[in-house]
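Asks:
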Amino acid sequence: MENTETHIFSDPEYHLVQASTAKRFANYIIDILFFYFLVFVGSTIYVLLNPSSVYSPLEENAEYNLTETLVFICSLIVYYFCLEALFKGKTLGKLITGTRAVNEDGSNISPKAAFLRSLCRVVPFEAFSALGTPSYPWHDRWAKSYVIDEKGSNRPAD
0 MENTETHIFS DPEYHLVQAS TAKRFANYII DILFFYFLVF VGSTIYVLLN PSSVYSPLEE
60 NAEYNLTETL VFICSLIVYY FCLEALFKGK TLGKLITGTR AVNEDGSNIS PKAAFLRSLC
120 RVVPFEAFSA LGTPSYPWHD RWAKSYVIDE KGSNRPAD
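Residue 131 in numbering that gives the first Met the number 0 sits at position 132 of the sequence shown, and the numbers go up by one each step.
1) Check each candidate in Thr98, Leu69, Pro136, Thr90 and name the one with the smallest Cα separation from Phe33.
2) When we look at the beta-carbon of Val101 and count the other beta-carbons within 10 Å, is it buried (16 or more) or exposed?
3) Looking only at DSSP bridge pairs, what is Arg99 linked to?
4) Could you pull the DSSP bridge partners for Asn153 from this structure?
5) Report the residue from Asp148, Arg154, Leu118, Gly92 whose alpha carbon sits nearest the alpha carbon of Arg140.
6) Could you name each continuous alpha helix (DSSP H) segment of 4 residues or more that falls completely within the region 104-134, going from the start of the chain to the end?
7) Can we say the region 93-100 touches the region 35-53, given the rule of at least three CB pairs closer than 8 Å?
8) Considering only C-alpha positions, which residue in the set Lys22, Leu15, His14 is nearest to Thr132?
9) Should Tyr45 be labelled buried (16 or more other beta-carbon atoms within 10 Å of its own) or exposed?
10) For Pro136, count neighbouring Cβ atoms within 10 angstroms of its own Cβ and tell me buried if that reaches 16, exposed if not.
11) Count the other CB atoms within 10 Å of the CB of His14; is the residue buried (16 or more) or exposed (fewer)?
12) Considering only residues of the same chain and omitting the five flanking positions on each side of Gly151, which have a CB-CB separation below 7 Å?
13) Need the endpoints of the alpha helix (DSSP H) that Thr43 sits in, please.
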């Protein structure tokens, strides 16, 4: 009698297609525009609730500028972290372009990886690391992740 069983834990063949540089750029543009929209809405609500917080543009206030910059950077980290952690590697840009951030093995990124990717995005000149084809920026390299094109990829089930 011939044994035709297949082992239940054997890994099927997975194929990952890295997202094109154009799609990565589109992700960036969509996400940064949406982020600025959220900052605008949040700032407007803050000013409406606290009008005394508005200062004159002619006023030089180094402490305020530093605080504003730190809040902006932290907000950017939180934006990318929350979206990628909650939506399994997706942001608004990735949702629109049909791409997703995954681990090197094709599995969904963990919240830890999403946080590391988010932190890496605020490193000075990080955006320049995305130039080239294929695009493999520092936030992918350092978090050991890729952004894949979902239509062309066969990966482990969610």
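Glycine is no exception: its CB is placed at the ideal position from the N, C-alpha and C atoms.
Replies: Looking at the coordinates:
1) The residue with the shortest Cα to Cα distance from Phe33 is Thr90.
2) Per the 10 Å Cβ criterion, buried.
3) Partner(s): Ile147.
4) In the DSSP assignment, Asn153 forms a beta bridge with His14.
5) Of Asp148, Arg154, Leu118, Gly92, the smallest CA-CA separation from Arg140 is found for Leu118.
6) Runs of the alpha helix (DSSP H) lying entirely within the region 104-134, each at least 4 residues long, are 110-119 in chain order.
7) Counting C-beta pairs with one atom in each stretch, the region 93-100 and the region 35-53 have fewer than three that are closer than 8 Å, which means they do not touch.
8) The shortest C-alpha separation from Thr132 is found at Lys22.
9) Flag for Tyr45 reads exposed.
10) Buried, since its Cβ has 16 or more Cβ neighbours within 10 Å.
11) Using a 10 angstroms sphere on the CB of His14, the tally of other CB atoms stays under 16, which defines it as exposed.
12) So the list reads Val16, once near-sequence residues are dropped.
13) Where Thr43 is concerned, the enclosing alpha helix (DSSP H) stretches over 20-48.
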